[in-house]
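Participant: Sharing a structure below in structure tokens format, with a few things to ask.
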Amino acid sequence: MNPQNHSLRHLIRLYKNDLIDKYYQFRINGTKNPYRVLLKKDSYKVIFIMSHMRSGSSLLTHILTSNSLIKGYGESHIQYSSEADLKRLMFKIYCHSQEFKNIQDLSKLRMNHDYVIDKLLHDNKLINENILKLENFYVIFLIREPKRSLISMLDHKPHWNEKDAIQYYNNRLSTLVKYAQIINNKQRSIIITYDALMNQTNLVFNALQKFLKLPKGFSEKYQVSNTTGMRHVGDFKEKIRSGKIIRTPREIDISISAHLLEQETEKFNQIHQKMSQLCQTIS
Numbered sequence: 065m066n067p068q069n070h071s072l073r074h075l076i077r078l079y080k081n082d083l084i085d086k087y088y089q090f091r092i093n094g095t096k097n098p099y100r101v102l103l104k105k106d107s108y109k110v111i112f113i114m115s116h117m118r119s120g121s122s123l124l125t126h127i128l129t130s131n132s133l134i135k136g137y138g139e140s141h142i143q144y145s146s147e148a149d150l151k152r153l154m155f156k157i158y159c160h161s162q163e164f165k166n167i168q169d170l171s172k173l174r175m176n177h178d179y180v181i182d183k184l185l186h187d188n189k190l191i192n193e194n195i196l197k198l199e200n201f202y203v204i205f206l207i208r209e210p211k212r213s214l215i216s217m218l219d220h221k222p223h224w225n226e227k228d229a230i231q232y233y234n235n236r237l238s239t240l241v242k243y244a245q246i247i248n249n250k251q252r253s254i255i256i257t258y259d260a261l262m263n264q265t266n267l268v269f270n271a272l273q274k275f276l277k278l279p280k281g282f283s284e285k286y287q288v289s290n291t292t293g294m295r296h297v298g299d300f301k302e303k304i305r306s307g308k309i310i311r312t313p314r315e316i317d318i319s320i321s322a323h324l325l326e327q328e329t330e331k332f333n334q335i336h337q338k339m340s341q342l343c344q345t346i347s
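According to the working numbering, the residues represented by the sequence shown are 65 to 347, in order.
Okay, structure coming up:
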């Protein structure tokens, strides 16, 4: 390619990106209401997927955001201290997670969704837990049984040992119970397991559609985006790029001590039972 043409293309791209940034800044920051943007009649509602690492949260995020009324892309890593942080989430979702390559992509400029979504997998992401009491927040708790969760964590984080994985897993599950207790509202919280997502898929889809009051449901096939498989956003293994639910588990040559696994399974079942009393369930 001619160097001059390449330089011109680069300048045009920078100008285009700057215009898009300014457009979203105008709409998002043009009103102080954290749930509103300019030129949109209705307020946004917020979905938090609250889970732990290696739970299937990337798959669930893709399934949810393939619904035309839900907008998001994965883990934003925002630390939420107030409702005002929703403006940062909106900007990340609309401006930083979309590509504008041709004229058809201009349709992405529409901000006509009912929900924005983020997933929180670590305790340090929710600085102000009182956010969970706010009426515009809907929380989907997703938990996965310990055996596959732990071996997948060890595969994902080779510098961890068994103790590290178990400590994170137990601490996170305890935190999720605390969050469910803070919400204490079955209209704004629902608990699902990875096993149910895989093996009771339609039941989960119907429950989520009802929970979010959506006119259209969900599908096992989902949209793959420019952030799919990106590190620090979500799962970066190959399966997530398939655009559909794959039920065959990936082979991982790692094992967990049998006596520890028995203890963790008992704890998991207790946690699931407790959260099922606090949250809406799929049945």
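Where is the CB? At the ideal position from N, CA and C, for every residue including glycine.
#1: What does a CB cutoff of less than 8 Å around T95 pick up in its chain, not counting 5 residues either side in sequence?
#2: Assign S340 to one of three DSSP states: helix, strand, or coil.
#3: List the residues that DSSP assigns as beta-bridge partners of M154.
#4: At what residues does the alpha helix (DSSP H) containing L103 begin and finish?
#5: Following the continuous beta strand (DSSP E) through I207, name the residue where it begins and the one where it ends.
#6: Using 10 angstroms around the beta-carbon of Y79, count the other beta-carbons present and answer buried if the total reaches 16, otherwise exposed.
#7: Kindly provide the ranges of any alpha helix (DSSP H) runs that are 4 or more residues long and lie completely inside the stretch 241 to 323, ordered along the chain.
#8: If you draw a straight line from the alpha carbon of L75 to that of D82, how long is it in whole angstroms?
#9: When DSSP labels each residue in this structure, what does L185 get in the three-state scheme?
#10: Measure the C-alpha to C-alpha separation of N249 and L342 and round it to an integer number of angstroms.
#11: Counting along the chain, where does the alpha helix (DSSP H) carrying I215 start and finish?
#12: Buried or exposed: H323, going by 16 or more other Cβ atoms within 10 Å of its Cβ?
#13: Per DSSP, L190 is paired with what?
#14: Beta carbon of N192, beta carbon of S145: below 9 Å?
Facilitator: With the given structure in hand:
#1: V101, L102
#2: helix
#3: In DSSP, M154 forms no bridge with anything.
#4: First-last for L103: undefined, no H or E at that position.
#5: 201 to 207
#6: exposed
#7: 258 to 263, 265 to 276
#8: 11 Å
#9: coil
#10: 7 Å
#11: 210 to 220
#12: exposed
#13: Y144
#14: yes
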